[in-house]
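Contents: one structure, followed by commentary.
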Amino acid sequence: MISRRAVGLVSGLVYTFLLAPILVVIVASFNSGAFLTFPPQGVSLRWYGAFLHNEVFIRAFLTSVEVASLATAISGGVGTMAALYTARARPKVADGVRIAMMLPMLLPEVLTAIGLLFYFYALKIGTHFGLALIAGHILLTLPFVYLNVSSALSEFDWSLNLAARSLGASPMTAFFRITVPVIKTGLVGGCIFAFIVSFDAFSTSFLLKDIGTATLPLQLFDYLRLNFTPEAAAVSSATVFITVLIIAVADRLFGLKISRF
Amino acid sequence: MSRRVLLLLPSALILVLLLAIPYLNIVLISMRPSTPDMAYGSGFTLENYRAVLSSVRTWREIGTTLWIGGATTACAFVLGFPVAWNLARSPGKSQALRQSIVLSPLLVGIVVRSYGWTILLGNNGVMNRLARGLGLTHSIVPLMYNRLGIIIALTHVFLPFMILPIQGGLQNLDPALERAGRSLGASRRTVFLRVILPLTMPGVQSGCIMVFIMSISAYVTPVLLGGMRVKTMPMTVVDRLIDSFRWPLGAAEALVLSGIGGLVLLVFVALTSRRWNRQ
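So the sequence lines, in the order shown, correspond to chains A and B.
Sequential numbering of the first sequence, starting at 0, is according to numbering that gives the first Met the number 0.
Sequential numbering of the second sequence, starting at 0, is according to numbering that gives the first Met the number 0.
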């Protein structure tokens with residue numbers, strides 16, 4: 000209805016716009032020169048080697064994996080339980096629960112992190128043991144698990160569960176043999192999204208990290224303020240490749256259906 | 000109520016203990032007196048709010064922040080609507096690819112994306128070299144370390160949050176409605192303004208609200224693309240908390256920004272609802 004050609008043209012430009020900064024980082028990472036120049040001076044894996052030998056980045060990478068795994072595991076369980084409740088609650092109650100579960104995503108990340116910072120200091124824990132950090136990351140990831148499991152459950156026929164029960168299955172058996180296989184794609188998709196969101200989070204980690212520790216985005220940010228070598232591009236590209244790999248593998252294994260809204 | 004309510008217990012605990020109470024605590028701390036040797040003293044005062052509201056610098060920074068947030072939201076809407084339309088109305092072989100391009104920024108960290116923009120927009124960056132190579136300009140065009148760079152990068156970072164809800168709205172919209180409008184003699188523009196936009200308004204509103212909230216509270220992107228030459232409120236707040244350790248003042252500043260941002264959104268929702276939802 001609206002001129003199809005104009006829409007196509009603008010969309011094409013926007014797709015380019017969306018990919019441009021990511022592609023440019025990947026291209027820059029294969030640069031063999033000592034400085035970020037365009038076009039690159041030659042192709043090499045030199046900066047990936049530098050990354051792998053840079054203990055600071057490797058340690059930060061491992062910290063990120065740890066934090067993201069822990070936060071995702073907790074959100075995965077908690078979010079799934081809430082989604083199971085919402086799926087069979089009365090519509091009005093379900094609406095309320097849904098809004099509450101979405102709140103951590105709707106509130107500004109910086110403000111939530113500030114709130115947690117004050118709160119954990121008031122509890123005399125401060126940023127020690129990474130507790131505040133994990134708390135922040137649980138809040139970041141919870142809505143994603145909840146949303147994805149909820150949307151998988153919306154197509155679930157609860158009479159299947161009833162049928163299993165009437166055939167003599169215990170509630171637990173019915174849950175693991177009937178419900179879990181149905182919500183599996185939603186759960187896996189939600190957890191992957193949650194993991195990536197946590198792995199990439201900045202403001203939350205920035206305000207809540209324990210002294211002396213850093214996640215990968217924090218380390219990268221620190222590095223970028225002072226350095227302009229292509230090593231940062233190699234680190235960035237490595238995270239992009241890992242993300243794509245995780246998604247591809249999960250898609251192969253489970254058939255992903257990621258929904259966000 | 001059955002035992003099923005127990006399923007909600009862990010989420011409820013997290014939302015109350017880690018979200019509701021900390022937010023109330025921010026309000027409390029914003030009313031504590033500042034002390035030189037501790038994060039905050041005891042007793043209550045409104046002095047912090049007076050200090051924030053009477054500071055010219057604060058108002059200037061709030062102005063900059065809202066300006067950047069508004070411009071980012073507008074850019075995201077103008078660029079996002081055609082893409083949402085394209086995704087909703089042109090299903091084809093490339094649909095899955097196009098959808099994943101739209102989602103791709105969400106899967107790449109905000110630091111990485113902002114970094115990509117610094118490579119593209121720098122004074123000696125890809126865009127400037129390209130422009131000079133093509134003979135479009137001979138001098139350096141400053142694309143970053145100013146508001147423009149921040150707005151470009153923020154639009155990129157938050158565009159998916161505009162596209163997805165609008166796409167959802169458009170998918171629920173029957174194309175026959177547009178044909179009906181056209182066959183009754185309405186111009187394309189009229190059909191867009193009187194049929195499509197009103198019916199997708201909820202999606203547009205939620206997209207705009209999300210993009211606006213996220214852009215006025217963004218921290219990394221303005222730091223990397225603004226190079227500390229553009230000061231937005233979140234930078235000042237973070238400085239207060241981390242560097243100068245003045246929590247009550249920082250809390251008051253954060254709340255004043257949130258309050259003003261919330262007011263702007265209320266006006267936006269009221270105006271758009273009245274303008275477009277009138278039958």
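All residues carry an ideal CB built from backbone N, CA and C; glycine is no exception.
Selection B:73, B:33, B:219 evaluated against residue 250 (chain B) yields B:33 as nearest (Cα-Cα). Residue contact check for residue 202 (chain A) against chain B: a CB pair falls below 8 Å.
Residue environment: residue 70 (chain A) is assigned as buried (16 or more neighbouring CB atoms within 10 Å of its CB, all protein chains considered).
Inter-residue distance for residue 111 (chain A) and residue 51 (chain B) is about 20 Å (C-alpha atoms, whole angstroms). Chain-ordered, the chain A residues with CB closer than 8 Å to the CB of residue 82 (chain B) read 9, 10, 13, 14. In this structure, the CA atom of residue 175 (chain A) is about 17 Å from the CA atom of residue 81 (chain A).
If you draw a straight line from the Cα of residue 8 (chain B) to the Cα of residue 198 (chain B), it is about 38 Å long. For the segment 174 to 242 of chain B, the continuous alpha helix (DSSP H) assignments of 4+ residues that do not extend past its boundaries occur at 174 to 182, 187 to 190, 196 to 215, 219 to 225, 232 to 241, in sequence order. With a 10 Å radius around the Cβ and a threshold of 16 neighbouring Cβ atoms, residue 79 (chain A) comes out buried. In the three-state reduction of the DSSP assignment, residue 24 (chain B) falls in the helix class, which pools H, G and I.
With respect to residue 253 (chain A), residue 193 (chain A) sits apart: the two C-beta atoms are not nearer than 8 Å. By the Cβ criterion, the segment 60 to 74 of chain A is in contact with the segment 133 to 140 of chain A, since at least three pairs of Cβ atoms, one from each stretch, lie closer than 8 Å. Within chain A, 117 have C-beta atoms less than 7 Å from the C-beta of residue 28 (chain B), given in sequence order. By a beta-carbon distance limit of 8 Å, residue 62 (chain A) contacts residue 212 (chain A). Their separation comes to about 6 Å. Inter-segment contact for the segment 11 to 30 of chain B and the segment 217 to 232 of chain B is absent: fewer than three beta-carbon pairs are separated by less than 8 Å. Closest in alpha carbon position to residue 72 (chain B), among B:140, B:150, B:143, B:144, is B:150. Judged by pairs of C-beta atoms under 8 Å, the segment 246 to 262 of chain B does not touch the segment 90 to 104 of chain A, as fewer than three such pairs exist.
For residue 183 (chain B), no Cβ of chain A is located within less than 8 Å of the residue's own Cβ. Here residue 52 (chain A) is exposed. Its C-beta has fewer than 16 other C-beta atoms within 10 Å. Of all alpha-carbon atoms in B:88, B:29, B:49, the one lying nearest the alpha-carbon of residue 41 (chain B) is that of B:29. For the 8 Å CB-CB criterion, residue 120 (chain B) and residue 148 (chain B) form a contact.
Here residue 6 (chain A) carries a helix assignment [DSSP, helix/strand/coil]. Residue 272 (chain B) does not reach chain A, its nearest Cβ partner there being about 19 Å away, counting only Cβ pairs nearer than 8 Å.
For the 8 Å CB-CB criterion, residue 101 (chain B) and residue 77 (chain B) do not form a contact.
Shown here, residue 107 (chain B) sits in coil according to DSSP, grouped into three states, outside any helix or strand.
Just so you know, the alpha carbons of residue 148 (chain A) and residue 20 (chain A) end up roughly 32 Å apart. Residues of chain A whose Cβ lies closer than 9 Å to the Cβ of residue 116 (chain B) are, in chain order, 19, 20, 23. Per DSSP, residue 198 (chain A) is one residue of the alpha helix (DSSP H) stretching across 179 to 199. Legend: CB atoms of the segment 54 to 66 of chain B lying less than 8 Å from CB atoms of chain A are not found in any residue.
If you draw a 10 Å sphere on the C-beta of residue 223 (chain A), you find 16 or more other C-beta atoms in it, and that means buried. Residues of the segment 250 to 274 of chain B with a C-beta less than 8 Å from any C-beta of chain A: 250, 253, 257, listed in chain order. In this structure, residue 118 (chain B) lies near residue 24 (chain A), with their beta-carbon atoms less than 8 Å apart. When secondary structure is reduced to three states using DSSP, residue 140 (chain B) falls in the coil class, being assigned neither helix nor strand. The continuous alpha helix (DSSP H) containing residue 216 (chain A) extends over residues 215 to 225. In this structure, residue 27 (chain A) keeps its C-beta atom at 8 Å or more from the C-beta atom of residue 18 (chain A).
Among the residues of chain B, those whose CB is under 8 Å from the CB of residue 231 (chain A) are 114, following chain order.
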